[in-house]
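Presented below is the structure to which this report refers.
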Amino acid sequence: MNADAKKTTLRMIPYGIYILTADDGKGNVGAATVNWVTQASFAPPLVAIGVKADSGAHTVVKGTGKFALNMLGKDGKGAAFTFFKPAKLEDGKISGQAFHAGANGAPILECAIGAVECTVKEVLEMGDHSIVVAEVTEAHLMKAPEGRADAAILEMKDLGDNVYYGG
150 MNADAKKTTL RMIPYGIYIL TADDGKGNVG AATVNWVTQA SFAPPLVAIG VKADSGAHTV
210 VKGTGKFALN MLGKDGKGAA FTFFKPAKLE DGKISGQAFH AGANGAPILE CAIGAVECTV
270 KEVLEMGDHS IVVAEVTEAH LMKAPEGRAD AAILEMKDLG DNVYYGG
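Residue 216 in this note's numbering sits at position 67 of the sequence shown, and the numbers go up by one each step.
So, in structure tokens, the structure goes:
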């Protein structure tokens, strides 16, 4: 396979930017910027997310079976870059970001424009990322989008010409 062609063509898939958060209730909080996200079913409402297998977020999600997927608006670049690194819980904030606990205990970030709370249905461990399939159990809309909802989301291309993931 031509490595350059593979990289370029896989980067043609548009990627939204989200922050996955989880809390085990024992002081272990995981949070990570994720972009391999899709809705997988209407009934029940399911999402599928690629989560880096060696990340702290993966460990907490796998251990608790629940998480929140926080949607970032176009002004969420700072938060996206913050969660490229392992999360730290300090002074009641996750890596400096204010949050409140959702119904399932997962952190809902105050900077998010929306969020869904999820219960893990299956984890497919294959490659350097696991595919987490989860049922949406709660939804939060903190800032109603103007126009199309999918146009409100921060996308990989919004992070700059030199920021890529995938390929």
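Every residue gets a Cβ at the ideal spot worked out from N, C-alpha and C, and that includes glycine.
_Is it the case that the segment 239-251 contacts the segment 185-199, given that we only count it when at least three CB pairs across the two stretches are under 8 Å?_
The segment 185-199 is not in contact with the segment 239-251.
*Please classify residue 150: does DSSP put it in a helix, a strand, or coil?*
The count along the sequence shown starts at 1 and reaches residue 150 at position 1. Collapsing the DSSP output to three states places residue 150 in coil.
*In terms of residues, what are the limits of the beta strand (DSSP E) holding residue 226?*
For the purposes of this step, residue 226 is taken as residue 77 along the sequence shown, with counting starting at 1. Not the beta strand (DSSP E): residue 226 falls in the alpha helix (DSSP H), residues 226-231.
*asked:* Taking only three categories from DSSP, how would you classify residue 332?
replied: As shown, the chain starts at 150 and ends at 316. That puts residue 332 outside it, with no answer to give.
_Beta-carbon spacing of residue 168, residue 305 below 8 Å_ = Reading the sequence shown from its first residue, position 19 is the one you call residue 168. Reading the sequence shown from its first residue, position 156 is the one you call residue 305. 8 Å or more divides the Cβ of residue 168 from the Cβ of residue 305.
_Between the CA atoms of residue 249 and residue 177 - distance to the nearest angstrom_ = For the purposes of this step, residue 177 is identified with residue 28 of the sequence shown, where counting begins at 1. For the purposes of this step, residue 249 is identified with residue 100 of the sequence shown, where counting begins at 1. Their backbone Cα atoms lie some 15 Å apart in a straight line.
*Exposed unless 16 or more other CB atoms sit within 10 angstroms - verdict on residue 163*: Indexing the sequence shown from 1 puts residue 163 at position 14. By the neighbour-count definition (other C-beta atoms within 10 Å, threshold 16), residue 163 is an exposed residue.
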